[in-house]
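What follows is a set of notes on a single structure, which appears directly below.
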Amino acid sequence: MEASLVDKIEQAAILVVGAGGIGCELLKNLAGSGFKHVEVIDLDTIDVSNLNRQFLFRTHHVGKPKCTVACEAARDMSPHSPHNDPVGFYVAHHGNVKDNDRFGVNFFKRFDVVLNALDNVDARRHVNRLCLSAEIPLIEAGTTGYLGQTTVIMGKQTECYECQPKPTQKVYPICTIRSTPSMPVHCIVWGKELYKLMFGSAPDSMLFEDEEGDEKSTFMSPVVNERLKVEEKPSPEKLLKYTKSALTALFTTEINKQLGMDRYKGAKKTPVAHDIEAMAKGLEAGVLNPPSESEGGEKRVWTNEECCQEIYCIVSEMYTGATSPPDIFSSSVAFDKDNHVAMRFVTAASNLRASVFKIETNSYYTAKGIAGNIIPAIATTNAIVAGQEVLELMKILKHGKDKVMEVCKFTYCLRAKTRKGFFLQPTSLQPPNEKCYVCKNARVVVSVDTKTFTLEAFIDQVLKKKMSFNSPILQIGCDQIYEDGEPEYEQNLVKTLENLPCGGIKDGTTLVVEDFEQDMEVNINFVQMEFEEDDERGQFLIGGDRPVVKKAEDGKGEGGAVDNKSEEKKEENNDDDDDIEVLDANAPPPVPAAKGKKRERENGVDEAAGAGKKSKKDTGEGVEEVVLLE
Amino acid sequence: MLTKHKMATPSTDQIYDRQIRLWGAESQTRMMQSHVAFVNVSGLTSEVLKNVVLAGIKCTLISIGPRVVSEADAASNLFLRKGDIGAANVEAASQARVQELNVHTTVEHLVYGDLSSFLSTLPTSGYTLLVSPALGMSTLDSQTISSSCRASGSSLILCDSFGFHACAFLQVGGDEGHTYRKEAGKDKLSDPMTAIYPVIEGADSLGDWEGLKTRFGGVPKEWVAWMIGRMGRGKGEDWKFFAEETLKAKKLPSTYLGSQDDLAALPKSLYSSPCIVPVCAVFGGQLGQEVLKMLTTKGECAWNFLTFNGETQIAREVRVGPDDGKKQ
Numbered sequence: 001m002e003a004s005l006v007d008k009i010e011q012a013a014i015l016v017v018g019a020g021g022i023g024c025e026l027l028k029n030l031a032g033s034g035f036k037h038v039e040v041i042d043l044d045t046i047d048v049s050n051l052n053r054q055f056l057f058r059t060h061h062v063g064k065p066k067c068t069v070a071c072e073a074a075r076d077m078s079p080h081s082p083h084n085d086p087v088g089f090y091v092a093h094h095g096n097v098k099d100n101d102r103f104g105v106n107f108f109k110r111f112d113v114v115l116n117a118l119d120n121v122d123a124r125r126h127v128n129r130l131c132l133s134a135e136i137p138l139i140e141a142g143t144t145g146y147l148g149q150t151t152v153i154m155g156k157q158t159e160c161y162e163c164q165p166k167p168t169q170k171v172y173p174i175c176t177i178r179s180t181p182s183m184p185v186h187c188i189v190w191g192k193e194l195y196k197l198m199f200g201s202a203p204d205s206m207l208f209e210d211e212e213g214d215e216k217s218t219f220m221s222p223v224v225n226e227r228l229k230v231e232e233k234p235s236p237e238k239l240l241k242y243t244k245s246a247l248t249a250l251f252t253t254e255i256n257k258q259l260g261m262d263r264y265k266g267a268k269k270t271p272v273a274h275d276i277e278a279m280a281k282g283l284e285a286g287v288l289n290p291p292s293e294s295e296g297g298e299k300r301v302w303t304n305e306e307c308c309q310e311i312y313c314i315v316s317e318m319y320t321g322a323t324s325p326p327d328i329f330s331s332s333v334a335f336d337k338d339n340h341v342a343m344r345f346v347t348a349a350s351n352l353r354a355s356v357f358k359i360e361t362n363s364y365y366t367a368k369g370i371a372g373n374i375i376p377a378i379a380t381t382n383a384i385v386a387g388q389e390v391l392e393l394m395k396i397l398k399h400g401k402d403k404v405m406e407v408c409k410f411t412y413c414l415r416a417k418t419r420k421g422f423f424l425q426p427t428s429l430q431p432p433n434e435k436c437y438v439c440k441n442a443r444v445v446v447s448v449d450t451k452t453f454t455l456e457a458f459i460d461q462v463l464k465k466k467m468s469f470n471s472p473i474l475q476i477g478c479d480q481i482y483e484d485g486e487p488e489y490e491q492n493l494v495k496t497l498e499n500l501p502c503g504g505i506k507d508g509t510t511l512v513v514e515d516f517e518q519d520m521e522v523n524i525n526f527v528q529m530e531f532e533e534d535d536e537r538g539q540f541l542i543g544g545d546r547p548v549v550k551k552a553e554d555g556k557g558e559g560g561a562v563d564n565k566s567e568e569k570k571e572e573n574n575d576d577d578d579d580i581e582v583l584d585a586n587a588p589p590p591v592p593a594a595k596g597k598k599r600e601r602e603n604g605v606d607e608a609a610g611a612g613k614k615s616k617k618d619t620g621e622g623v624e625e626v627v628l629l630e
Numbered sequence: 001m002l003t004k005h006k007m008a009t010p011s012t013d014q015i016y017d018r019q020i021r022l023w024g025a026e027s028q029t030r031m032m033q034s035h036v037a038f039v040n041v042s043g044l045t046s047e048v049l050k051n052v053v054l055a056g057i058k059c060t061l062i063s064i065g066p067r068v069v070s071e072a073d074a075a076s077n078l079f080l081r082k083g084d085i086g087a088a089n090v091e092a093a094s095q096a097r098v099q100e101l102n103v104h105t106t107v108e109h110l111v112y113g114d115l116s117s118f119l120s121t122l123p124t125s126g127y128t129l130l131v132s133p134a135l136g137m138s139t140l141d142s143q144t145i146s147s148s149c150r151a152s153g154s155s156l157i158l159c160d161s162f163g164f165h166a167c168a169f170l171q172v173g174g175d176e177g178h179t180y181r182k183e184a185g186k187d188k189l190s191d192p193m194t195a196i197y198p199v200i201e202g203a204d205s206l207g208d209w210e211g212l213k214t215r216f217g218g219v220p221k222e223w224v225a226w227m228i229g230r231m232g233r234g235k236g237e238d239w240k241f242f243a244e245e246t247l248k249a250k251k252l253p254s255t256y257l258g259s260q261d262d263l264a265a266l267p268k269s270l271y272s273s274p275c276i277v278p279v280c281a282v283f284g285g286q287l288g289q290e291v292l293k294m295l296t297t298k299g300e301c302a303w304n305f306l307t308f309n310g311e312t313q314i315a316r317e318v319r320v321g322p323d324d325g326k327k328q
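Protein sequence lines, in the order shown, are assigned to chains S and E. Residue 198 in this note's numbering sits at position 198 of the first sequence; the count goes up by one each step and never skips. Residue 137 in this note's numbering sits at position 137 of the second sequence; the count goes up by one each step and never skips.
This is how it looks when you write it as structure tokens:
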């Protein structure tokens with residue numbers, strides 16, 4: 001390495017965001033390359049399943065903050081000694097990168113280059129905006145399984161992270177989950193909600209119905225109202241009685257009621273109610289053999305009888321406090337794939353439901369993969385993308401951040417070589433997308449029913465969840481109508497959009513949304529549009545530069561005018577919302593077939609400027625982005 | 001009552017959960033039954049070693065000849081620290097740190113006086129794969145390793161990084177060849193096919209490097225530099241002359257590797273400079289992927305050289321004959 005580069009390496013101030021699989025690799029590479037000024041932000045603590053690739057961690061580190069342990073290891077590997085310069089010597093910041101008080105734009109401005117090693121889209125977007133605002137280069141990478149990619153973002157020169165739409169995760173209409181499941185995943189989502197309904201804060205469950213509801217489901221009373229009192233230390237008999245009556249309501253009475261209402265007349269497969277009495281015979285006789293304790297119990301599919309056993313055991317454990325958190329019935333009892341009790345419950349409950357609806361049943365192991373949206377991550381792919389990130393970093397240091405567009409590359413990492421024998425074949429970076437609302441300040445069109453959508457729902461679901469605003473301030477014309485944390489605007493939250501002050505939001509209204517934390521200002525143009533309750537696109541659409549064509553009502557009318565563009569938007573926009581259950585915060589990992597990827601990449605290279613072809617897909621953990629098949 | 005206690009030591013299923021979800025339990029079992037020998041660990045092979053140990057594969061570190069830890073070793077080898085400089089043996093100094101990466105697999109260390117005494121153990125030692133740098137040994141020694149591995153059925157990777165460049169030779173399977181299944185899309189595998197990889201001598205005796213160009217470009221400079229680096233080891237003052245003569249003999253222009261100055265600077269980068277860590281990381285990851293394919297017999301391995309250029313960031317395969325016997 002030439003001496004001038006060595007100097008630049010020793011001077012450079014580097015921020016690493018994320019200390020997981022890619023982050024560990026990055027820190028090892030930075031330490032080994034002689035970097036002295038490195039700080040790391042990470043929120044997570046170390047889990048057992050990280051150990052196979054997050055190689056700076058050992059078994060005795062489980063439970064400790066990732067960034068702290070990773071920085072210790074990096075300091076140990078570095079040829080340099082600690083120093084007291086403004087940007088520290090492998091300094092850990094345990095916290096959420098979205099925490100503006102700690103990691104705002106001024107924090108970012110202390111660094112020369114930011115390296116991302118994140119596992120979720122939301123944080124990536126946030127870091128993207130901060131780097132654009134602070135005018136520092138951002139090196140971005142992600143992996144899923146054998147696939148990975150590295151790219152560099154420099155405001156004004158290259159595409160930003162948000163210039164291309166990120167296809168969103170699969171979502172499931174609520175009625176599918178509640179009444180008409182057809183896939184194992186539907187039953188698993190239902191099982192997660194039932195877990196909340198039985199042991200957590202019941203009103204937070206999607207299955208919860210309040211007293212006033214007209215068509216109350218038969219299971220509400222046995223499951224929720226007749227919850228036992230923990231203080232009274234319920235006897236095994238009481239626990240068994242509660243379990244049986246809950247299961248009977250869920251899998252017998254309610255199903256028969258629905259069948260009686262001809263609910264499933266047109267269904268492909270008619271559900272069949274369980275005979276819980278018969279299934280619980282063993283329990284009644286005092287036999288206790290929870291399948292999760294049996295040999296190989298995690299890998300085989302449990303019988304219905306075993307599922308009942310399992311559920312009874314979990315009810316007992318939860319009520320007697322053997323494994324439950326002390327605050328049963330509070331919102332702290334939420335599903336977590338790494339919580340063994342929760343996962344056992346979801347396996348058993350989802351299988352009982354699946355067999356009612358004649359859907360394939362699954363083992364604990366498989367159910368965990370579905371429920372946790374586990375994206376397999378491996379060491380080798382992380383090593384490749386993190387190595388590429390540091391090579392990009394060296395190029396930026398060598399040539400200066402003004403030359404990012406010229407010297408840096410976008411690289412896919414694939415498992416199989418291309419037809420031409422390439423394993424890594426970098427392509428040129430793309431210039432900013434003129435229609436990007438983040439780096440090009442373009443207008444955004446939002447189609448929503450302004451007559452029913454409340455401001456609160458708009459802020460939570462559209463601005464925060466979908467557009468990743470952190471702390472939005474809203475203005476109609478010159479009048480402010482909302483600011484996060486300001487009590488005087490709170491009364492506006494419950495209002496529907498059209499009833500907001502200053503003329504309200506209607507078809508054609510322009511709303512100005514500012515976020516000082518992200519240095520963002522976006523103009524949103526509204527299109528009035530009604531959605532059906534089970535619209536698979538959700539209850540709003542976020543368009544690009546022109547209105548989205550309205551959906552047909554009653555199957556006729558304006559619907560005929562749907563053009564190609566709206567198809568595209570559909571993919572971009574069918575995100576989560578109130579009526580829709582999202583399986584997990586992270587998106588699922590559809591790994592495209594090798595052949596298509598290959599073609600995609602070669603096209604990207606052969607047709608150098610084929611920007612339109614490049615599409616990135618978000619996934620969860622390793623991050624991950626993969627190439628989308630056409 | 002029915003309390004589930006968290007086990008004190010996590011099971012291998014838990015540790016390997018994510019990767020098993022990717023490649024399946026059968027592949028994991030195959031890997032755990034494999035045994036990889038790392039001969040005279042370098043910066044690059046320490047990266048491969050890390051990936052292999054994390055995957056749960058049994059490893060043996062082999063020291064041949066004097067192995068005192070140099071400054072360059074400490075700066076390159078992932079498992080060595082500054083404080084190890086001067087220690088008697090690279091592999092001995094790193095063994096505990098390698099083992100720490102994964103307590104569920106075995107990491108052994110063996111010392112041999114010379115290459116031939118190690119190679120004589122090959123027929124009975126049952127190594128699935130040998131990984132070794134090649135720039136630290138004579139061309140003849142690397143040819144001997146290659147033919148010994150082929151005869152005893154062990155696969156072989158010879159690889160080095162030098163400056164921003166890296167190159168590897170792959171020899172998968174023995175005389176009977178490597179039987180594998182290609183990945184034909186998600187969860188689909190082809191019928192088994194067999195490839196018989198040639199020994200490195202075939203590439204060494206190739207007279208015409210210019211002829212290795214394909215319609216996608218000439219033979220990568222990394223490959224040429226590595227081959228000349230192996231052959232020209234120990235030439236000292238005569239190195240530049242040797243390199244130019246070799247280029248000429250192999251029908252490449254004498255400027256193929258750059259200017260006179262570039263050529264004169266090459267020996268330092270080939271034989272004595274510390275590795276550039278991110279170059280080793282990328283290429284070590286790439287070779288790690290190849291090892292996974294080899295050991296699981298799932299997926300098609302590179303045939304039969306791989307190169308990486310850390311400046312262009314391109315990694316590509318170089319096919320050097322003889323190609324016959326490839327398909328059966």
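Just so you know, even glycine gets a beta-carbon here, dropped at the ideal spot from N, CA and C. Everything numeric in this text was worked out from a predicted model, so none of it was measured.
Minimum Cβ-Cβ distance from residue i to chain E less than 8 Å
i        : result
Lys28/S  : yes
Thr287/S : Here residue 287/S is Val; the residue named in the question, Thr, does not match the sequence. No, its Cβ sits nowhere closer than 8 Å to a Cβ of chain E.
Gly604/S : Residue placement at Gly604/S cannot be trusted, given a pLDDT of 34 that sits under 50; what the coordinates show is reported in the next sentence. So no, Gly604/S is outside the interface.
Arg53/S  : yes
Tyr242/S : no
Residue-level contact to chain S via CB, residue i, 8 Å cutoff
i        : result
Ala367/E : In this structure chain E extends from 1 to 328, so residue 367/E is not present and cannot be described.
Lys133/E : Looking at the sequence provided, one finds Pro at residue 133/E rather than Lys. False, the Cβ-Cβ gap to chain S never drops below 8 Å.
Pro278/E : yes
Lys298/E : no
Val69/E  : no
Gly207/E : no
Whole-Å CB distance - residue i paired with residue j, under 8 Å assumed
i        : j        : result
Ala92/S  : Cys131/S : Wrong, their Cβ atoms sit about 20 Å apart, outside the cutoff.
Leu115/S : Glu389/S : 6 Å
Contact check, residue i vs residue j, beta carbons under 8 Å
i        : j        : result
Ser132/E : Val90/E  : no
Phe305/E : Phe169/E : yes
Phe199/S : Glu254/S : no
Ala166/E : Arg230/E : no
Thr411/S : Gln313/E : yes
Boundaries (first-last residue) of the beta strand (DSSP E) holding residue i
i        : result
Leu110/E : Val107 to Tyr112
Ser132/E : Leu129 to Ser132
Gln461/S : That residue, Gln461/S, is in no beta strand (DSSP E); it is neither H nor E in DSSP.
Min CB distance residue i to chain B below 8 Å
i        : result
Leu132/S : Absence of chain B from the displayed structure is noted, the protein chains being S and E.
Discussion item. Counting only Cβ-Cβ distances shorter than 7 Å, please list the residues of the segment 402-417 of chain S near chain E, keeping chain order.
Written reply: For the segment 402-417 of chain S, the set of residues with a beta-carbon nearer than 7 Å to any beta-carbon of chain E comprises Lys409, Thr411, Arg415, Ala416 and Lys417, in chain order.
Worksheet item: Between the segment 260-286 of chain E and chain S, which residues of the former have a C-beta closer than 9 Å to a C-beta of the latter?
Response: Ser273, Pro274, Cys275, Ile276, Val277, Pro278, Val279, Cys280, Ala281, Val282, Phe283, Gly284, Gly285 and Gln286
Worksheet item: Using Cβ-Cβ distances below 9 Å, what residues of the segment 355-381 of chain S are close to chain E?
Response: Tyr365, Lys368, Gly369, Ile374, Ile375, Pro376, Ala377, Ile378, Ala379, Thr380 and Thr381
Worksheet item: What residues in the segment 12-42 of chain E have a beta carbon less than 9 Å from any beta carbon of chain S?
Response: Asp13, Gln14, Ile15, Tyr16, Asp17, Arg18, Gln19, Ile20, Arg21, Leu22, Trp23 and Ala25
Item to complete: Using a Cβ-Cβ cut-off of less than 9 Å, give me the residues of the segment 422-446 of chain S that come near chain E, in sequence order.
Response: If the cut-off is 9 Å between Cβ atoms, the segment 422-446 of chain S has Phe422, Phe423, Leu424, Gln425 and Pro426 near chain E.
Worksheet item: If you measure beta-carbon to beta-carbon, which residues of the segment 56-77 of chain S are closer than 9 Å to chain E?
Response: Arg58, Thr59, Val62, Asp76 and Met77
Fill in: Residues, ordered as in the chain, of the segment 312-323 of chain E that lie near chain S by beta-carbon distance below 8 Å
Thr312, Gln313, Ile314, Ala315, Arg316, Glu317, Val318 and Arg319
Worksheet item: Going along the chain, which residues of the segment 98-126 of chain E sit with their C-beta nearer than 8 Å to a C-beta in chain S?
Response: Going along the segment 98-126 of chain E in chain order, one finds Glu100, Leu101, Asn102 and Val103 with a Cβ nearer than 8 Å to chain S.
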